[in-house]
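Each residue of the sequence shown is one higher than the last, beginning at 83 in my numbering.
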Amino acid sequence: MEKLRTQTQENMEEPICHSLKRIVSFFTNIKINNQVWMSHGDTITTLPDGARVIASTDSVKNAAYSIDSLNLYALQFHPEVFHTDNGLKIFENFFIEELKFIKEWNPESFIDRTVKELKSEILDEKVILGLSGGVDSSVAAVLLDRAIGKNLHCIFVNNGLLRKMNMMKY
């Protein structure tokens, strides 16, 4: 595999055209000219043996490729950023269609499962929680409150990281 370092390194949006020679399942229900976010510092000029192009742009002919014998996929665009249209759908398709993951997690199931686990582990014991006002300790406090209610006792801890005067709110 060869790559070429281009003179300019820029981020830009480009329409991508995934190849109709072989539709991979993670491009299911993704329009042919989908806008993607490219990083133009490097481009792959020569693919490894057995690789086939599955997506390209006007300026990057190997924007995505697969090696079927290795069950390997490579993308040179960023599906994880909001600039890429349908980026989350590409990830969802990859995990569900390609890897056959079962979609059973959601925030509600996490909360329910965590509260249930806390109840079964803590039982009727009392818990003292140092509460800093940050996200982590606040989420822990809410989950513990749902699990054990009045058996939770929070103590505010000023760790010095709050904004000026925020301590007065607690």
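The C-beta atom is built at its ideal place from N, Cα and C for all residues, glycine as well.
Residue i: first and last residue of the uninterrupted alpha helix (DSSP H) it sits in
i	result
Leu225	Val217 to Ile230
Glu179	Run containing Glu179: none; DSSP gives neither H nor E here.
Lys198	Pro189 to Ile204
Ile172	Gly169 to Asn175
Per-residue burial, residue i [other beta carbons within 10 Å of its own, 16 or more giving buried]
i	result
Thr139	buried
Ser148	buried
Thr90	The predicted position of Thr90 is uncertain, since its pLDDT is 47 and thus under 50; a value taken from the coordinates is nonetheless stated next. By the 10 Å Cβ count, Thr90 comes out exposed.
Phe109	buried
Pro130	exposed
Asn116	buried
Gly231	exposed
Ile237	exposed
Ile184	exposed
Gly169	buried
Thr127	exposed
Val217	exposed
Ile112	buried
Asn153	exposed
9 Å Cβ cutoff met for residue i and residue j
i	j	result
Leu285	Leu225	The structure shown has nothing for residue 285, since the chain only spans 83 to 252.
Phe159	Ala133	no
Tyr155	Ala145	no
Asn248	Val209	no
His165	Val221	no
Leu211	Ser202	no
Met120	Val142	yes
Phe173	Glu162	yes
Ala223	Thr196	no
Asn240	Ser214	yes
Glu186	Ser107	no
Strand pairing of residue i, partner residues [DSSP]
i	result
Leu154	Ile149
Range covered by the beta strand (DSSP E) that runs through residue i
i	result
Ile237	Leu234 to Phe238
Leu211	Val209 to Leu213
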